[in-house]
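Enquirer:
In the working numbering, the protein residues as written are 110 to 411.
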């Protein structure tokens, strides 16, 4: 990687992982690097060394770094205060410069977004939203960002009007790995029919979620429910319950999904069952497009 000479460096720094891309002046990705030194593993003093370990060979030309994600949280390298919606997803002037000791480093951090009522926050997703709006000029509608904490976002006139977060991904992980349901969910198998039925069940009777969850355990014990069907039904129940609560966002709206391929496919399938054909965007493409919109400020500040 030592011969890479980027114009700037894009960084997505989450709780678990750190990802960086060396970007040429024309926007081409020259190189990519990943480490497991996420925000959750670092003290405040550990961020600069962790970044240098990953991108040090790219810094011969003192390329500026534009970062998003949990690196800007209260527990991160340097807090980038939330901006309040309604507002544009990103603001060049809102970036915060991280304190550095290495003279080759100049790191700016994008702030997250907050909503006062009902209380909600996002950090990292705002950059993907900004990227999506660059990839889909003039977009008005709803963005759904499936993940550990899924986001439903109302977009109008280039602004985030409102958003709502659901802990669906985290609930799936906890229930499938740390609850009594784990005994019947070994492996990574899947059953589309079980998923579809569970989505429909949850949408029609979301108040029955708790009972439907325990039935997965009971059916595994007395009716031979397979692990593949159990995993798919658990996912369908949780996503279906999320869709029931988020119906004001997606019903009759233009919907675009931003996320990992497998998870976005599950949400697209669930929405299709309700007559909604969702467009899909790659999360990395959106992240890089969003960070690129912040590069001029960093370049001009040098």
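Yeah, the Cβ is synthetic: ideal placement off N, Cα and C, and Gly gets one too.
1. Comparing C-alpha positions only, which one of 146, 211, 323, 140 sits nearest to residue 115?
2. Once DSSP output is grouped into helix, strand and coil, what is the label at residue 215?
3. For the putative contact between residue 191 and residue 251, defined by C-beta atoms under 8 Å, what is the C-beta separation to the nearest angstrom?
4. Name the residue from 120, 276, 205 whose alpha carbon lies nearest to the alpha carbon of residue 350.
5. Can you grab the Cα-Cα spacing for the pair residue 147 / residue 164, in whole Å?
6. Assign residue 270 to one of three DSSP states: helix, strand, or coil.
7. Just to check my reading of the structure: residue 120 and residue 129 have Cβ atoms closer than 8 Å, yes? What is that Cβ distance to the nearest angstrom?
8. Contact between the segment 203 to 213 and the segment 222 to 240: three or more CB pairs below 8 Å?
9. Got a sec? Which residues, its chain only, sit under 8 Å from residue 200 by beta carbon, not counting five neighbours each side?
10. Suppose the cutoff is 6 Å on Cβ atoms and the five residues either side in sequence are ignored; what does the same chain contact list for residue 279 look like?
11. Run the CB neighbour count on residue 127, radius 10 Å, all protein chains shown included, and call it buried at 16 or more, exposed below.
12. When DSSP labels each residue in this structure, what does residue 403 get in the three-state scheme?
13. Determine the direct distance from the alpha carbon of residue 239 to that of residue 378, and round the result to whole angstroms.
14. May I have the straight-line CA-CA distance separating residue 262 from residue 243, to the nearest angstrom?
15. Does DSSP classify residue 288 as helix, strand or coil?
16. May I ask which residues mark the beginning and end of the beta strand (DSSP E) holding residue 359?
17. Let's test the definition: count the other Cβ atoms within 10 Å of the Cβ of residue 414 and tell me whether it reaches 16, buried, or not, exposed.
18. Given that a residue counts as buried once 16 or more other Cβ atoms are within 10 Å of its Cβ, and exposed if not, what is residue 189?
19. Please list the segments of the beta strand (DSSP E) lying wholly inside the segment 220 to 261, counting only runs of 3 or more residues, in order along the chain.
20. State the CB to CB distance for the pair residue 64 and residue 340, rounded to an integer number of angstroms; the pair is presumed to be in contact (CB under 8 Å).
21. With a CB to CB cut of under 6 Å and the five nearest residues on each side skipped, what residues in its chain are close to residue 125?
22. Looking at C-alpha atoms only, which residue of 185, 113, 401 is the closest neighbour of residue 168?
Expert: According to the structure data:
1. As a position in the chain shown, residue 115 is number 6, starting the count at 1. Of all alpha-carbon atoms in 146, 211, 323, 140, the one lying nearest the alpha-carbon of residue 115 is that of 140.
2. Here residue 215 corresponds to residue number 106 of the chain shown, with the count starting at 1. The answer is coil: DSSP assigns residue 215 none of H, G, I, E or B.
3. As a first step, residue 191 must be located in the chain shown, where it is residue number 82. As a first step, residue 251 must be located in the chain shown, where it is residue number 142. Between residue 191 and residue 251, the beta carbon gap of about 21 Å keeps them out of contact (Cβ cut-off 8 Å).
4. Here the question's residue 350 lines up with position 241 in the chain shown. Closest option to residue 350, judged by alpha-carbon separation, among 120, 276, 205: 276.
5. The count along the chain shown starts at 1 and reaches residue 147 at position 38. The count along the chain shown starts at 1 and reaches residue 164 at position 55. Their backbone Cα atoms lie some 15 Å apart in a straight line.
6. As a working note, residue 270 is residue 161 in the chain shown. Strand at residue 270.
7. Position 11 of the chain shown, counting from 1, holds the residue named residue 120. Position 20 of the chain shown, counting from 1, holds the residue named residue 129. With 8 Å as the limit, residue 120 and residue 129 qualify as a contact, their Cβ atoms being about 5 Å apart.
8. No, the segment 203 to 213 is not in contact with the segment 222 to 240.
9. Within the chain shown, numbered from 1, the residue matching residue 200 stands at position 91. For residue 200, where only same-chain residues beyond five positions count, the Cβ hits under 8 Å are 192, 220.
10. Here residue 279 is taken as the residue at index 170 of the chain shown, counted from 1. Answer for residue 279: 257, listed in chain order.
11. Looking up residue 127 in the chain shown gives position 18. With at least 16 other beta carbons inside 10 angstroms of its own, residue 127 counts as buried.
12. The residue given as residue 403 occupies position 294 in the chain shown. Residue 403 sits in coil when the DSSP states are folded into three classes, being neither helix nor strand.
13. Counting from one through the chain shown, the residue named residue 378 turns up at place 269. Counting from one through the chain shown, the residue named residue 239 turns up at place 130. About 25 Å.
14. Here residue 262 is taken as the residue at index 153 of the chain shown, counted from 1. Here residue 243 is taken as the residue at index 134 of the chain shown, counted from 1. As the crow flies, the alpha-carbon of residue 262 is around 16 Å from that of residue 243.
15. For the purposes of this step, residue 288 is taken as the residue at position 179 of the chain shown. In the structure shown, residue 288 adopts coil according to DSSP, grouped into three states.
16. For this step, residue 359 is matched to residue 250 along the chain shown. Counted as a single uninterrupted DSSP element, the stretch harbouring residue 359 is not any beta strand (DSSP E) but the alpha helix (DSSP H) occupying residues 356 to 359.
17. For the chain, the structure presents residues 110 to 411; residue 414 sits outside this window and is missing.
18. Residue numbering aside, residue 189 sits at position 80 when the chain shown is read from its first letter. By the neighbour-count rule (16 or more Cβ atoms within 10 Å), residue 189 is buried.
19. List check, beta strand (DSSP E) in window: 222 to 224, 229 to 231, 250 to 254.
20. Lying outside 110 to 411, the shown extent of the chain, residue 64 is not represented and no answer is given.
21. To locate residue 125, count along the chain shown from 1; it is residue 16. So the qualifying residues of the chain are 147.
22. By 1-based counting over the chain shown, the position of residue 168 is 59. Nearest option by C-alpha distance: 113.
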